[in-house]
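Enquirer: Heads up: the protein sequence lines correspond to chains C, Y and Z, in order. Sequence positions in the first sequence follow my numbering and run 1 to 354. Sequence positions in the second sequence follow my numbering and run 1 to 322. Sequence positions in the third sequence follow my numbering and run 1 to 278.
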Amino acid sequence: MSEKIFIAQGELTAMLERLSKEMDVWVPVEMGDEKWGIRFLPYHEDTIVVLDRQSTISPKNVVFPQVETLLRFRYQKDDNDPSKQRIDLKDRQDVSSALVFGARPCDVRGFHTFDQVFLNGRYKDPYYEQRREKTLFATLLCDTKDSACFCSSVGSGPGDREGSDLWIVPVDDGYVIQALNDKGRKLIPIMGKQATTEQIEKAQRIQEQVTAKRIGEYDLTRSARDFTDRFEDMDYWRDMVSKCISCGICTFVCPTCYCFNITDESRDLEGERIRSWDSCMFYHYTLEASGHNPRPEKFERYRNRVGHKFSYFPDTYSGMISCCGCGRCIRSCPVSIDIRRVVHHLKEAVDAEV
Amino acid sequence: MEDKTKTLQREFLKVFEKLEVVLGWEPGYDSLHATPSFIRQAKDLNKLVWNPLCSQNLCTYLVKTLNASVRKDDKKIGICVKGCDSRSLVALIQEKFITRETFYIVGIPCEGTVDWRRLMRIEPSLKDVQKVDIQGNELEVETAQKTYRFPLQQVLEQRCLHCRYPNPIIYDCLIGEPITPHIGDDQAYGDIEKIEQYSLPDRLKFWEKELDRCIRCYACRNACPLCVCRDSCIAETRTPKWLSQRCDLKEKFFYHMIHAIHLAGRCTECGECERVCPMEIPVTLIKKKLNQIVKDLLDYEAGIDPQKQPPLLTFDPGEKGI
Amino acid sequence: MPKFESNPFRPELATIQDIIQETSNILTFRVVLNDEEKMREFSFQPGQVAQLSVFGVGESTFVINSPPTRKEYLQFSVMRTGEVTQRLHQLNIGDQIGVRAPLGNGFPVDQLKAHDILFIAGGIGMAPLRTLLLYMLDNRQDYGDILVIYGARSPEDLCYTYEFDEWRSGGVRLVLTVDREFPGWKKRVGFVPTVLTEEAPSSYNCIAVTCGPPIMIKFVLIGLKRLDFEDHQIITTLEKRMKCGIGICGRCNIGTKYVCVDGPVFSYEELRQMVPEI
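1) Considering only residues of the same chain and omitting the five flanking positions on each side of residue 125/Z, which have a CB-CB separation below 8 angstroms?
2) If you reduce the DSSP assignment to three classes, tell me which class residue 280/Z lands in.
3) If you run the structure through DSSP and keep just helix, strand and coil, what is residue 135/Z?
4) So with Cβ pairs under 8 angstroms, would you call residue 1/Y a contact of chain C?
5) For residue 33/Y, count neighbouring Cβ atoms within 10 angstroms of its own Cβ and tell me buried if that reaches 16, exposed if not.
6) Starting from the C-beta of residue 259/Y, find all residues in its chain whose C-beta is less than 7 angstroms away, skip the five residues before and the five after it, and write them out in chain order.
7) Which residue comes first and which comes last in the beta strand (DSSP E) that contains residue 150/Y?
8) Using C-beta distances below 6 angstroms, list every residue in its chain close to residue 119/Y, excluding the 5 sequence neighbours before and after it, in chain order.
9) Less than 8 angstroms between the beta carbons of residue 85/C and residue 78/C, yes or no?
10) Per DSSP, residue 4/C is paired with what?
11) Return no unless some Cβ of chain Z is closer than 8 angstroms to the Cβ of residue 27/C.
12) Beta-carbon within less than 7 angstroms of residue 25/C's beta-carbon, same chain only, minus the 5 sequence neighbours each way: which residues are those?
13) Less than 8 angstroms separating the beta-carbons of residue 158/Y and residue 265/C?
14) If you follow the alpha helix (DSSP H) that residue 14/Y is part of, which residue opens it and which one closes it?
15) What's the call for residue 204/Z, buried or exposed, on a 16-neighbour Cβ count within 10 Å?
16) Does DSSP put residue 254/C in a helix, in a strand, or in coil?
17) Under the three-state reduction of DSSP, which class applies to residue 349/C: helix, strand or coil?
18) Give the list of continuous beta strand (DSSP E) stretches no shorter than 3 residues that lie fully inside the region 113 to 163 of chain Y.
19) Apart from the five residues just before and just after residue 5/Y, which ones in its own chain have a Cβ nearer than 6 angstroms to its Cβ?
20) Could you tell me which residues DSSP puts in a beta bridge with residue 260/C?
21) Could you tell me whether the region 199 to 217 of chain Y touches the region 229 to 242 of chain C, where touching means 3 or more Cβ pairs closer than 8 angstroms?
22) What residues from chain C crowd round residue 278/Y, counting only those whose CB sits closer than 8 angstroms?
23) With hydrogens ignored, establish whether the beta-carbon of residue 303/Y is closer than 7 angstroms to any heavy atom of the ligand PLP.
24) Taking the alpha-carbon of residue 312/Y as reference, which of 300/Y, 181/Y, 197/Y has the nearest alpha-carbon?
25) Measure the C-alpha to C-alpha separation of residue 59/C and residue 254/C and round it to an integer number of angstroms.
26) Starting from residue 203/Y, trace the alpha helix (DSSP H) in both directions and tell me its first and last residue.
27) I need the straight-line Cα distance from residue 75/Y to residue 229/Y, nearest angstrom please.
28) Comparing the C-beta of residue 307/C with each C-beta of chain Z, is any distance below 8 angstroms?
29) So who's on the other strand from residue 234/C, going by DSSP bridges?
30) In terms of residue numbering, what span does the alpha helix (DSSP H) encompassing residue 197/C cover?
31) So, does the CB of residue 274/C fall closer than 8 angstroms to a CB anywhere in chain Y?
32) In the structure shown, what three-state DSSP assignment does residue 296/Z receive?
33) Which of the three DSSP states, helix, strand or coil, is assigned to residue 29/Z?
34) Applying the criterion that 16 or more other CB atoms from any shown protein chain within 10 Å of the CB defines a buried residue, is residue 96/Z buried or exposed?
35) Using a Cβ cut-off of 8 angstroms, pull out every chain Y residue sitting near residue 304/C, in sequence order please.
36) Which residues of chain C have a Cβ atom closer than 9 angstroms to the Cβ of residue 106/Z, listed in chain order?
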């Protein structure tokens with residue numbers, strides 16, 4: 001059997017239906033009636049899949065849920081000494097296999113960042129590892145860039161297949177889908193019929209055309225040193241981010257932001273230790289019990305976000321930028337802060353440009 | 001007639017030496033977005049623009065960013081306000097966070113600002129926009145290829161569709177002529193009346209569906225000019241701990257109710273909470289409902305009269321409304 | 001369900017064996033792991049930290065302030081400041097807590113060998129230094145002269161007073177100071193940096209190890225520079241808000257360094273290469 005199949009637009013739903021019997025299938029759907037935004041939800045029979053635009057919020061929650069239980073605990077009376085309590089701890093939960101269908105190359109690239117931190121660091125995160133292994137990505141070649149996109153500025157591109165298990169190329173009134181590895185290959189028989197030579201050739205041409213496109217005008221991959229040089233230039237940061245309102249949108253919609261909080265949430269004698277998405281934009285993120293806060297001002301917090309993605313991360317992980325250029329932080333920012341501009345001007349401040 | 005952008009720049013230039021900073025808008029990352037601008041040098045005044053993309057309510061910076069109550073010298077803060085924004089300014093004066101004298105206010109009568117998401121829904125391929133303007137009941141969008149016209153009802157922000165205060169309440173200088181509101185006082189709460197026609201179970205279902213999308217990014221709170229607790233919001237404090245960090249419907253519901261209750265009789269209906277929501281939740285409706293109740297009980301609207309004492313910030317033993 | 005084979009987020013259960021009231025707001029807890037084998041095999045470096053759990057309240061970071069040379073229990077001194085420490089202070093002997101340890105890097109005990117050691121501590125900042133001090137007393141022949149300058153707001157705010165005699169008999173010169181005059185106090189009066197300047201220890205072959213409130217550290221650094229201490233001769237241990245403790249959750253970074261895994265112990269030389277955001 002060929003590794004390339006063709007699915008007509010009209011057969012897409014039936015295919016997702018078949019797949020959803022095997023695993024949780026996450027697909028992009030609209031936020032609601034008459035809304036523009038898209039988010040990923042598990043497929044069910046009434047789902048209308050929307051593939052014509054990028055999702056507002058990345059599908060990172062499939063592998064890194066906004067809230068995840070780390071431990072369950074329960075206080076119990078000690079059988080041998082009723083005046084004492086003992087604690088039962090459970091740390092494991094089963095997770096089901098998942099397929100993310102219709103994500104973009106930038107969404108998948110976000111997990112490169114996650115993998116470095118959660119799997120390749122000094123400690124391995126077993127919760128992340130478990131979900132990561134059980135999640136597949138059927139990624140859509142991206143030919144719908146808008147004015148906020150800049151994937152080529154950070155070393156990726158609209159035809160970047162790295163990290164995906166299956167690759168979807170829109171062709172005429174359907175999609176040519178190709179397995180990129182063994183994990184993906186297993187799903188091919190469930191997905192559909194073999195594509196014709198003509199369809200395959202057409203998909204190939206589209207792939208080449210799109211891959212040749214450069215999305216984003218700047219090269220932002222060599223900013224690490226410029227960032228540290230600019231670190232103490234308060235005027236620069238004030239000019240760039242006075243307008244920041246310190247909300248968490250940029251970090252929550254971001255495919256590469258992974259910072260989390262850990263809290264105990266309990267009732268009576270039992271409860272859970274959970275981790276939940278946190279944001280370096282929040283004042284409380286670094287607030288210490290003593291009242292000291294190493295990043296009390298919002299410009300310091302924004303600076304840390306820029307530094308993390310374009311300087312600290314590449315310095316730590318052999319040059320890798322922890323930004324995938326999806327543009328979500330620009331598009332969803334209430335005050336339209338443009339991170340491309342902030343990073344680009346690290347080298348030469350704005351006045352020098354004019 | 002002079003372009004309003006030019007007038008705006010010129011008016012600030014006249015008084016610039018008396019100003020520490022000017023808060024206005026400048027072109028954003030693309031031709032369908034404007035972005036707040038903090039102008040600290042006269043030479044930068046030419047960055048300022050006024051057009052229907054100037055959505056942000058700049059009053060949100062007054063307490064949280066500029067700490068406008070503390071002034072080092074006699075210099076004032078220059079600020080651009082639309083009608084709705086000016087109500088926030090007045091409310092902050094009423095609540096004594098700021099004083100009128102601290103500001104040089106340039107008021108701009110506003111026919112509405114554009115909701116780019118609604119625009120994209122109608123015309124997803126819109127790009128290379130060169131000019132956006134309101135002409136009569138239409139939004140004119142000029143691109144290199146053609147000029148598009150959209151009925152205002154289809155492309156304005158939700159807040160603008162029910163706006164009764166298009167003209168600034170207070171100002172030192174007004175750009176352009178006052179305009180007549182699109183709707184009368186009797187239609188002020190038309191948007192919530194639609195929801196109220198639902199049966200109670202349906203209304204609950206509506207809110208559960210909407211609020212379930214919340215991701216607790218707190219943009220609605222941080223964009224709010226009247227959310228003045230700064231970094232001590234009870235949504236995040238652990239001592240006392242009112243809300244868990246879970247992201248269940250219960251938590252989200254609770255958070256939004258707390259936010260709304262804290263704005264009862266204080267919200268100036270600028271709609272920023274809804275505009276900034278990345279998940280497109282119509283959170284302004286909750287605040288408007290509370291405002292309607294306050295209006296019915298106490299005949300009061302926030303941000304209309306700088307001299308008036310907000311009824312929920314005082315105590316009157318002879319209270320008639322309740 | 002089975003446990004993860006290895007889960008750095010899962011604490012070991014432990015029992016509070018003893019509680020010592022150090023000051024009005026500092027308690028010292030002596031803790032043993034419930035799993036006897038793990039307790040026996042538990043090994044760590046002086047300066048490494050632990051995340052202590054009160055299940056239902058949360059975790060907080062504390063230095064293990066008993067040295068690895070004394071393994072009957074693990075000791076933690078806890079100042080009542082936040083949510084977790086409030087609750088820890090309400091616990092009794094026999095109560096159960098969770099321990100994730102050891103975390104972080106610890107003091108470079110081998111590099112310190114054959115040097116004179118100058119400890120400079122303020123308040124609860126004595127806790128991490130106590131670990132190193134006791135470790136050195138237990139390996140006395142490896143280290144040179146030891147001078148401890150230890151200050152607190154008042155005589156009642158000094159910790160570990162009950163073992164000062166043990167320190168002294170191990171050849172430690174102990175200089176105690178409090179912020180102002182108190183009835184009956186016959187030792188030094190004045191802030192720690194001032195006392196450092198008065199004592200003026202020689203920087204020759206000496207390593208200074210300091211911990212205390214940020215403002216104290218700032219002036220101690222100035223004092224040490226005046227005494228010709230080089231950047232690499234100054235070691236400190238930092239406190240940051242930590243959650244995961246394993247270099248993942250993001251909040252304790254100073255530039256590229258994560259205090260929870262790259263620290264908490266840093267030389268002043270290392271600190272100066274980091275972004276100024278402590």
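Even glycine gets a Cβ: it sits at the ideal position worked out from N, Cα and C.
Expert: Let me spell this out:
1) Translated into positions along the third sequence, residue 125/Z becomes position 125. If you ignore the 5 residues before and after residue 125/Z, its C-beta comes within less than 8 angstroms of the C-beta of 210, 211, 212, 213, 216, all in its own chain and listed in chain order.
2) Lying outside 1 to 278, the shown extent of chain Z, residue 280/Z is not represented and no answer is given.
3) On the third sequence, position 135 is the one that residue 135/Z refers to. In this structure, residue 135/Z counts as helix in the three-state DSSP scheme.
4) Numbered from its first residue, the second sequence carries residue 1/Y at position 1. Confidence at residue 1/Y is low in this model, with a pLDDT of 47, below 50, so the placement of that residue should be treated as unreliable; the coordinate-derived value is given next. It does not: the Cβ of residue 1/Y has no partner Cβ on chain C nearer than 8 angstroms.
5) By one-based count along the second sequence, residue 33/Y stands at place 33. Residue 33/Y should be labelled buried.
6) On the second sequence, residue 259/Y is found 259 positions in, with the first residue counted as 1. Contacts found: 220, 221.
7) Position 150 of the second sequence, counted from the start, is the residue given in the question as residue 150/Y. Segment 147 to 151, the beta strand (DSSP E) holding residue 150/Y.
8) For this step, residue 119/Y is matched to residue 119 along the second sequence. Same-chain partners within the cutoff: 155.
9) In the first sequence, counting from the first residue as 1, residue 85/C sits at position 85. In the first sequence, counting from the first residue as 1, residue 78/C sits at position 78. In this structure, residue 85/C sits near residue 78/C, with a CB-CB distance shorter than 8 angstroms.
10) Locating residue 4/C in the first sequence gives position 4, counting from the first residue. BP columns for residue 4/C point to 178/C.
11) For the purposes of this step, residue 27/C is identified with residue 27 of the first sequence, where counting begins at 1. Interface criterion not met: the Cβ of residue 27/C is under 8 angstroms from no Cβ in chain Z.
12) The residue labelled residue 25/C in the question sits at position 25 within the first sequence. Cβ within range, chain order: 16, 19, 42, 43, 99, 101.
13) On the second sequence, residue 158/Y is found 158 positions in, with the first residue counted as 1. On the first sequence, residue 265/C is found 265 positions in, with the first residue counted as 1. The answer is no: Cβ separation not under 8 angstroms.
14) Translated into the one-based positions of the second sequence, residue 14/Y becomes position 14. Here the alpha helix (DSSP H) through residue 14/Y covers 4 to 15.
15) If you number the third sequence from 1, residue 204/Z lands on position 204. Answer is exposed; the Cβ neighbour count stays below 16.
16) By 1-based counting over the first sequence, the position of residue 254/C is 254. Coil, per DSSP.
17) Numbered from 1 along the first sequence, position 349 holds the residue referred to as residue 349/C. In this structure, residue 349/C counts as coil in the three-state DSSP scheme.
18) Inside the region 113 to 163 of chain Y, DSSP marks whole beta strand (DSSP E) runs of 3 or more residues at positions 129 to 135, 138 to 143, 147 to 151, from first to last along the chain.
19) For the purposes of this step, residue 5/Y is taken as the residue at position 5 of the second sequence. Non-local beta-carbon contacts of residue 5/Y in its own chain, meaning distances under 6 angstroms to residues more than five positions away in sequence, involve 49, 50 in chain order.
20) The sequence position of residue 260/C within the first sequence is 260, counting from 1. Looking at the DSSP assignment, residue 260/C forms a beta bridge with 277/C.
21) As far as the Cβ criterion goes, the region 199 to 217 of chain Y does not touch the region 229 to 242 of chain C, which means the pair count is below three.
22) Reading the second sequence from its first residue, position 278 is the one you call residue 278/Y. In chain order: 37, 56, 57, 249, 252, 253, 332.
23) Absent from the structure shown: the ligand PLP. Ligands present: none.
24) Within the second sequence, the letter at position 312 stands for residue 312/Y. Per the Cα distances, 300/Y.
25) Taking the first residue of the first sequence as position 1, residue 59/C is located at position 59. Taking the first residue of the first sequence as position 1, residue 254/C is located at position 254. So the two alpha carbons sit approximately 9 angstroms from each other.
26) By one-based count along the second sequence, residue 203/Y stands at place 203. Where residue 203/Y is concerned, the enclosing alpha helix (DSSP H) starts and stops at 200 to 211.
27) Numbered from 1 along the second sequence, position 75 holds the residue referred to as residue 75/Y. Numbered from 1 along the second sequence, position 229 holds the residue referred to as residue 229/Y. Using only the alpha carbons, I get a separation of about 26 angstroms.
28) Here residue 307/C corresponds to residue number 307 of the first sequence, with the count starting at 1. Answer yes: the Cβ-Cβ gap between residue 307/C and chain Z drops below 8 angstroms somewhere.
29) On the first sequence, position 234 is the one that residue 234/C refers to. None; residue 234/C has no bridge partner.
30) Indexing the first sequence from 1 puts residue 197/C at position 197. 197 to 211 is the extent of the alpha helix (DSSP H) around residue 197/C.
31) Within the first sequence, residue 274/C is the residue found at index 274, counting from 1. So, interface residue.
32) Residue 296/Z is absent from the structure shown; chain Z starts at 1 and stops at 278.
33) Position 29 of the third sequence, counted from the start, is the residue given in the question as residue 29/Z. Reduced to three states, the DSSP call for residue 29/Z is strand.
34) Locating residue 96/Z in the third sequence gives position 96, counting from the first residue. Buried is the label assigned to residue 96/Z, since at least 16 other Cβ atoms lie within 10 Å of its Cβ.
35) For the purposes of this step, residue 304/C is taken as the residue at position 304 of the first sequence. Chain Y residues near residue 304/C: none, gap ~16 angstroms exceeds 8 angstroms.
36) Translated into positions along the third sequence, residue 106/Z becomes position 106. Residues of chain C passing the Cβ test: none, with the nearest at roughly 14 angstroms.
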